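J.: Okay, handing you the structure first.
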Amino acid sequence: MDWLKTHKNDLFLIAALLVLGGALALFLLLTRQGGGTVRVQVDGETVMELPLHQDAELVLGEDGHTNTLVIENGTARVIEADCPDQVCVRQGAVQYAGESIVCLPHRLIVTIEGGVGNSIDGVAG
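Going by the numbering used here, the sequence shown runs without a break in its numbering and finishes at 1055.
Here it is as structure tokens:
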């Protein structure tokens, strides 16, 4: 019982931080925007922009480097790459505005942009 008396304030602090963290996570979850466009950049230059709602499979690459980008079901992902680390493949699918897939060895960046937000209004009335 002595431990509880000496650490009561610590428990309150931990509880407050958990509540604040949960509220922030909920806010971010509810305010994120679905993407509308997939922007593909190689060496910092935009190579193409594709609608996220239209399914496609593309082989991207230059100088003997290839990445296979698949757009399906409103998501984009790299399913195959010939780079040694395979970080872009393990990244998984992206679908929300601001998310990216990056392949550093091939200098490839796939970014989700635009789109529409969800139906929750930021101002309660």
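Glycine included, C-beta positions come from ideal geometry on N, C-alpha and C. No experiment lies behind these values; they were computed from the predicted model shown.
1) Taking the beta carbon of Asn-1003 as the centre, do at least 16 other beta carbons fall within 10 Å, making it buried, or is it exposed?
2) Less than 8 Å between the CB atoms is what I'm expecting for Gly-964 and Gln-1021, so what's the real figure, rounded?
3) Use the C-beta contact count for Ala-1006: other C-beta atoms within 10 angstroms, 16 or more gives buried, fewer gives exposed.
4) Within 10 Å of its beta-carbon, does Val-949 have 16 or more other beta-carbons around it, so buried, or fewer, so exposed?
5) Quick one: is Leu-956 near chain D, going by C-beta distance under 9 Å?
6) Taking the alpha-carbon positions, what's the Ala-945 to Gly-974 distance?
7) Taking the alpha-carbon positions, what's the Arg-962 to Leu-943 distance?
8) According to the neighbour-count rule (16 or more other Cβ atoms, all chains shown, within 10 Å of its Cβ), is Val-970 buried or exposed?
T.: Taking the geometry as given:
1) exposed
2) About 18 Å separates the two Cβ atoms, so there is no contact after all.
3) Buried, because 16 or more other Cβ atoms sit within 10 Å of the Cβ of Ala-1006.
4) exposed
5) The structure shown contains no chain D; it is built from a single protein chain.
6) 45 Å
7) 29 Å
8) buried
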